[in-house]
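Just so you know, the UniProt record's numbering puts 87 at position 87 of the sequence shown, and the rest follows in order with no gaps. Where a beta carbon is used, it is the ideal one built from N, C-alpha and C, also for glycine. Heads up: the structure comes next, in structure tokens.
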Amino acid sequence: GGWAMMGPAQVTAKQGGLLTVSCSYKPGYELYSKYWCRPSFLWLCFTYIAQTDGSEVTVMQGSMSIRDNHTAHSLMVTLGYVTPGDAGWYSCGVRRRLWFSLWHTTKV
Numbered sequence: 001g002g003w004a005m006m007g008p009a010q011v012t013a014k015q016g017g018l019l020t021v022s023c024s025y026k027p028g029y030e031l032y033s034k035y036w037c038r039p040s041f042l043w044l045c046f047t048y049i050a051q052t053d054g055s056e057v058t059v060m061q062g063s064m065s066i067r068d069n070h071t072a073h074s075l076m077v078t079l080g081y082v083t084p085g086d087a088g089w090y091s092c093g094v095r096r097r098l099w100f101s102l103w104h105t106t107k108v
């Protein structure tokens, strides 16, 4: 297929609980920066909630963490203390050097 990033269509979590989303990507994108964002106009992401630098180091951003697993070709995003304000659409993606990225959108 033509996909580069895949993930769940929808995930749920209890208020105050923990939300975990796993997105998988095609081999070949291991060293690219990955991100998690709330898409806005035309489903594009202009700011990232959290992003990796292409390594497997876990990045913490407030109550959220993002970690890339190169061997499993997966990106794990964890959000603690979920609130009703966290509901909505999110995208996990691969940042590329060109003006566009490859992404997948998930409803929370």
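- Here tyrosine 48 is actually not in contact with valine 94; their C-beta atoms are around 12 Å apart, not less than 8 Å.
- Membership of aspartate 53 in any beta strand (DSSP E) is not indicated, and neither H nor E is assigned to it by DSSP.
- Residue burial annotation: methionine 60 is exposed, with fewer than 16 other C-beta atoms found within 10 angstroms of its C-beta.
- In this structure, the beta-carbon distance from glycine 7 to serine 33 does not fall below 8 Å.
- Closest in alpha carbon position to leucine 75, among Ala13, Glu30 and Gly17, is Glu30.
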